[in-house]
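Undergrad:
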Amino acid sequence: MSPSTNILVLGATGYLGGSIVSRLLEHPKAANFSITALVRSEPKATVLETLGIKTVLGSLGEHDKLETLVSQADVTIAADADDLAVTEAILRGLKRKFQDTGKAPILIHSSGTGVLVDSAMGMHATDTIYSDTDIAQIESLPPTALHRNVDLAIVAADEAGYAKTHIILPPTIFGLATGKLVDLGIQNRHSIQIPGFIKYNIARGHVGIVGEGKNVWGVVAQSEVVDFYIILLDAVLSNPATSHGREGFYFTDNGEFTHREVVDAVSSALAARGVVKLAEPTPFAEDDFKKLPFLAFFGTNARSRSDRSRALGWSPTKTAKDMLASIQPEVDALIQKA
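In my numbering, the protein residues as written are 139 to 476.
1) CA-CA distance, residue 421 and residue 434?
2) Within the stretch 262-297, note down every full alpha helix (DSSP H) run reaching 4 residues or more, in order along the chain.
3) Contact defined as beta carbons within less than 8 Å: I believe residue 308 pairs with residue 392. What is the distance between those atoms, to the nearest angstrom?
4) Please tell me whether residue 154 and residue 211 are closer than 8 Å, where the distance is taken between their beta carbons.
5) Which one of 384, 386 and 405 has the shortest CA to CA distance from residue 343?
6) Can you tell me which of the three DSSP states residue 328 falls into?
7) Reducing DSSP to helix, strand and coil, say where residue 177 ends up.
8) Tell me, please, which residues DSSP counts as bridged to residue 304.
9) Using a Cβ distance threshold of 8 Å, determine whether the stretch 161-172 contacts the stretch 290-310, with at least three qualifying pairs required.
10) Can you give me the C-alpha to C-alpha distance between residue 187 and residue 472, rounded to a whole angstrom?
11) Please state whether DSSP places residue 157 in a helix, a strand or coil.
12) Write down every uninterrupted run of the alpha helix (DSSP H) in the stretch 332-380 whose length is 4 residues or greater and which is fully enclosed by it, in chain order.
13) Under 8 Å Cβ to Cβ from residue 178, same chain only, skipping five residues before and after it: list those, please.
14) Here's the rule: buried if 16 or more other CB atoms are within 10 angstroms of the residue's CB, otherwise exposed. What is residue 242?
15) Round the Cβ separation of residue 387 and residue 311 to the nearest angstrom and send it over; I've been treating them as touching at under 8 Å.
16) Residue 480 to residue 292, Cα distance in whole Å?
17) Between the Cα of residue 452 and those of 409, 410 and 371, spot the shortest distance and give me the residue it belongs to.
18) Going along the chain, which residues of its own chain have a beta-carbon closer than 6 Å to the beta-carbon of residue 448, five neighbours each way excluded?
19) Any chance the stretch 330-339 sits against the stretch 275-285, with 3 or more Cβ pairs inside 8 Å?
20) Assign residue 257 to one of three DSSP states: helix, strand, or coil.
21) Tell me the rounded alpha-carbon separation between residue 239 and residue 438.
22) Quick one: residues in its chain with C-beta nearer than 7 Å to the C-beta of residue 424, no 5 flanking neighbours on either side, listed in chain order?
23) Let's see if you can read the secondary structure: which residues bound the beta strand (DSSP E) around residue 418?
24) Apply the 10 Å Cβ neighbour rule to residue 223 and answer buried if 16 or more other Cβ atoms are within range, or exposed otherwise.
25) Does residue 202 pass the burial test, meaning 16 or more other C-beta atoms within 10 Å, or should it be called exposed?
26) Apart from the five residues on each side of it in sequence, which residues of its chain come closer than 6 Å, Cβ to Cβ, to residue 231?
27) Please report the distance separating the alpha-carbon of residue 233 from that of residue 219.
28) What does residue 172 pair with, by DSSP beta-bridge criteria?
29) Select from 385, 462 and 384 the residue whose C-alpha is nearest the C-alpha of residue 358.
30) What are the start and end residues of each continuous alpha helix (DSSP H) run of 4 or more residues lying completely inside the stretch 172-240, in chain order?
Printed below as a string of structure tokens:
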């Protein structure tokens, strides 16, 4: 490792990015890291700077600024950049870095197993399970799949030789974020999927279900997917040949659940706080899907196996049982926040 590794974190106060930053600050080699964060909020930037983090005020939509920041980094961790125009700006920055130094910079990008979804609408599970070591299977995914246009652009950059790219694809992430940035009040603590489902059902007044809830998704604890970001970072810094590009897809699953299991847990948790009456879930109607198109996503299948990730030494312990147990604290935090 060089005496100083310049690391740019995008999404540095977000659900994943904030915890990644906290881990970088606690890293055994933290003294060798120079961390930069692009942030929208001046008060948050001020807090980050007290931790020794360089900050630049701006948004991912400021493509020229983003490109310049990436061109100055040895490693870019994109925890909140699932947009093609944003990704293209990142890739231009990586290319500039390569042209300036002759050394391919590193990109660690956050995608997701949403790329695997089908149209089951809760009516059935699937036997199709994607492994991150099966390159041909991953490459069979259509370019129209969720996240896929961004993932393909990133792989193409690696194929062109001007970057070493690594794509992390978490499944459903659960658990309230923790860490230094949470303690300082500047990090989002909540995931998207399950909290979004909880909030919609609170507003609806009765818990709903997509189809029969038979579909299956993978699961990972927030703290353990953050573990993998650090494991992967350590691996690529110590060995630039660590699987990248076409071979640089990393799933992070540790167990599976059905949509019905989440529906029942949310119903029980909300009923325990008197928010809804405990009752059989009612099928979401056309009006529900119009109000929140994302609801259909809860009826899809997305099954993966993190074989490549585990080969790097990642060994998660929390499972779907822990995820279901986390729903009551998640409900309580959302009620308190409201």
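Think of the CB as a built atom: it goes at the ideal place given N, C-alpha and C, for glycine as much as any other residue.
TA: To lay it out plainly:
1) Their backbone Cα atoms lie some 12 Å apart in a straight line.
2) 273-277
3) Not a contact, Cβ separation roughly 10 Å.
4) no
5) Nearest to residue 343 by alpha-carbon distance, out of 384, 386 and 405, is 405.
6) coil
7) strand
8) 246
9) Because the criterion of three Cβ pairs below 8 Å is not met, the stretch 161-172 and the stretch 290-310 do not touch.
10) When rounded, the distance between both Cα atoms is 29 Å.
11) helix
12) 360-376
13) Cβ contact annotation for residue 178 (same chain, cutoff 8 Å, sequence separation greater than five): 195, 196 and 197, in chain order.
14) buried
15) Incorrect: roughly 17 Å between the Cβ atoms, too far for contact.
16) Nothing about residue 480 can be reported from this structure: the residues present for the chain run from 139 to 476 only.
17) 371
18) Excluding sequence positions up to five before and after residue 448, its CB lies less than 6 Å from no other CB in the same chain.
19) No, the stretch 330-339 does not touch the stretch 275-285.
20) DSSP places residue 257 in coil when its eight states are reduced to three.
21) 44 Å
22) none
23) Note, residue 418: premise wrong, no beta strand (DSSP E); not H, not E.
24) exposed
25) exposed
26) 205, 208 and 209
27) 17 Å
28) Paired residue(s): 144.
29) 462
30) 180-188, 201-209 and 222-239
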